[in-house]
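Asks: Residue numbers (the working numbering): 29 to 558.
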Ligand code: AMP
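1. How long is the line joining the alpha carbons of residue 514 and residue 218, rounded to whole angstroms?
2. Does the stretch 265 to 283 come close enough to the stretch 143 to 160 that 3 or more CB-CB pairs lie under 8 Å?
3. Per the DSSP calculation, residue 149 is bridged to which residue(s)?
4. So does residue 340 have its beta carbon nearer than 7 Å to some heavy atom of the ligand AMP?
5. State yes or no: is the C-beta of residue 204 within less than 8 Å of the C-beta of residue 404?
6. Can you tell me where the beta strand (DSSP E) holding residue 110 begins and where it ends?
7. DSSP state of residue 197, grouped into three classes?
8. DSSP puts residue 261 in a beta bridge; with which residues?
9. Given a cut-off of 8 Å on the beta-carbon distance, is the pair residue 406 and residue 426 in contact?
10. Entirely within the stretch 415 to 486 and at least 4 residues each: give me those alpha helix (DSSP H) ranges in chain order.
11. From residue 210 to residue 402, what does the alpha carbon distance come to, in whole angstroms?
12. Can you check DSSP and say which residues form a bridge with residue 534?
13. If contact is defined by three or more beta carbon pairs under 8 Å, each pair taking one atom from either stretch, is the stretch 301 to 310 in contact with the stretch 319 to 337?
14. Is there at least one non-hydrogen atom of the ligand AMP closer than 7 Å to the beta-carbon of residue 344?
15. Tell me residue 340's beta-bridge partners as DSSP assigns them.
16. On a Cα-Cα basis, can you pick out the residue from 539, 525, 548 and 549 that is closest to residue 115?
17. Is it buried or exposed for residue 474, if we count other Cβ within 10 angstroms and need 16 for buried?
18. Given the structure, does residue 416 come close to the ligand AMP, in the sense that its CB is under 7 Å from one of the ligand's heavy atoms?
19. May I ask whether a heavy atom of the ligand AMP can be found less than 7 Å away from the beta carbon of residue 369?
20. Ignore the nearest five residues each way along the sequence and tell me which others in residue 289's own chain have a CB closer than 6 Å to its CB.
21. Which residues bound the alpha helix (DSSP H) around residue 118?
22. What do you reckon, is the C-beta of residue 435 under 7 Å from a heavy atom of the ligand AMP?
23. Where does residue 347 fall in DSSP's three states?
24. When you compare only the Cα positions, how much space is there between residue 190 and residue 207?
25. Looking only at its chain, what residues have a beta carbon closer than 8 Å to the beta carbon of residue 117, apart from the 5 residues adjacent to it on each side?
26. My understanding is that residue 181 touches residue 103, with C-beta atoms under 8 Å, so please give their C-beta distance in whole angstroms.
27. What is the rounded straight-line gap between the Cα of residue 554 and the Cα of residue 42?
28. Hey, residue 511 and residue 470: beta-carbon distance below 8 Å or not?
29. Once the 5 residues before and after residue 543 are set aside, which same chain residues still bring their CB inside 6 Å of it?
30. Closer than 7 Å: is that where the CB of residue 393 sits relative to any heavy atom of the ligand AMP?
31. What does residue 542 pair with, by DSSP beta-bridge criteria?
32. What residues match up with residue 407 in a beta bridge as DSSP calls it?
33. If you draw a straight line from the C-alpha of residue 66 to the C-alpha of residue 261, how long is it?
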């Protein structure tokens with residue numbers, strides 16, 4: 029599957045189809061194409077022959093797509109950064125990506141101080157360069173193909189299409205580079221999977237729901253699906269999640285065919301009785317990834333949406349969104365109190381390795397290691413981290429480049445089962461968080477000597493984290509209420525970390541127990557707070 033080629037053809041043959049819809053604003057495929065090619069020309073003029081990364085900053089504005097496409101057309105890996113991140117975090121991504129240019133279709137005022145030499149193109153700058161030369165160019169798509177996907181400047185198959193920054197255990201985010209060929213292969217598999225449920229070439233244009241921010245690789249699933257199939261992408265933004273009435277109006281108006289979200293977001297919707305087939309009568313598929321799909325969530329979706337397939341998929345950003353899938357039907361629900369994450373997609377290889385790196389027999393729990401044709405080339409400019417997590421492996425089942433996920437799992441009857449983490453990474457409401465990232469940032473706050481963060485798990489889904497609790501050893505124990513000390517600490521932590529990384533509760537202790545080798549004793553701390 030060549031996504032760029034499909035998109036180019038769509039802009040040429042069905043220019044009036046809506047590519048993006050968000051709070052009443054739409055962008056047709058022709059407009060997307062014409063704005064992106066105009067922006068691409070400006071990028072070429074400004075960045076010359078370089079193929080350096082470009083940061084795309086914002087939330088769900090239509091020109092987020094324009095900017096990403098312009099980067100793809102001109103061979104610059106795009107680095108999507110959500111505007112909900114605090115300025116400190118944005119700055120560390122800007123530094124780590126070494127991007128000299130930030131495209132900010134919205135919220136440019138949230139970028140904060142940039143590293144020296146960084147140029148920001150705000151909405152007014154983008155408007156100037158994206159405007160097509162004539163009004164007719166914008167509407168008839170006649171310039172589609174003027175920068176063909178085979179053009180020498182477009183991202184080559186073995187070059188990074190995007191770099192997504194995820195939480196890093198040292199307190200600094202790390203950038204996962206994904207090659208264009210990996211995106212194309214993943215998308216080819218995805219389109220086959222979804223085509224079994226949604227008719228993309230029918231008279232009715234299909235609609236896909238996007239919930240994840242572009243900085244989370246789950247969004248690659250809906251964005252590439254929409255670009256490859258000519259579907260309308262309807263966006264849910266962070267304010268929708270705060271105002272459910274608003275969310276349900278948008279959902280009803282979307283009349284969506286396909287849904288891509290975290291299971292946590294589906295749970296949020298399921299809390300309302302309104303969330304059923306009457307609200308979304310054309311919905312035929314739910315696609316989940318990024319965290320455990322609880323049995324109860326899948327069962328409730330099957331009841332409320334009898335015509336929609338519920339698909340659980342599994343994968344890390346480091347192997348292009350997802351590498352397994354399973355349709356969770358009544359039989360699967362009956363057979364598995366804990367749902368499997370599915371069978372491996374063609375082109376990917378899953379191995380379960382023991383602590384010594386040797387493959388374990390079927391049914392035995394070990395580390396999930398992913399090989400095959402969608403594994404990342406490594407972390408951007410971090411050979412040290414790449415060496416730790418990626419390697420060429422040589423086993424009877426697979427020889428080649430592979431990623432050690434840090435996930436525990438086992439395989440049985442062709443199905444992969446996720447069994448928690450082997451390290452201190454967690455998923456909270458779909459967000460990937462290194463517990464040590466929060467701890468490192470807590471320790472840097474004035475008045476904090478030591479901190480340990482403990483995840484709390486759901487009673488009925490033992491791999492689902494429901495909240496985080498921080499145990500803090502301050503220089504001086506709070507004299508007033510713990511609550512006001514917690515509020516004060518959260519306030520300063522928010523300047524460094526995104527909201528989803530702020531522990532919900534905190535306690536303060538005179539001393540954090542240590543292990544004999546001088547590390548914080550997590551097991552003892554967890555026991556203290558249980
Ligand atoms: P991310 O890179 O943000 O997509 O996070 C990848 C991690 O999310 C994986 O390594 C798993 O720990 C977790 N994950 C992804 N999909 C699933 C799933 N279907 N069930 C359980 N955990 C998942």
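Even for Gly, the Cβ is constructed at its ideal location relative to N, Cα and C.
All values reported here derive from a predicted model rather than from experimental measurement.
Replies: The structure says:
1. 44 Å
2. no
3. 131
4. yes
5. yes
6. 106 to 110
7. coil
8. 48 and 236
9. no
10. 463 to 471
11. 4 Å
12. 498
13. yes
14. yes
15. 316 and 354
16. 525
17. exposed
18. no
19. yes
20. 239
21. 115 to 125
22. yes
23. helix
24. 7 Å
25. 201, 524, 525 and 526
26. 5 Å
27. 57 Å
28. no
29. 549
30. no
31. 548
32. 204
33. 22 Å
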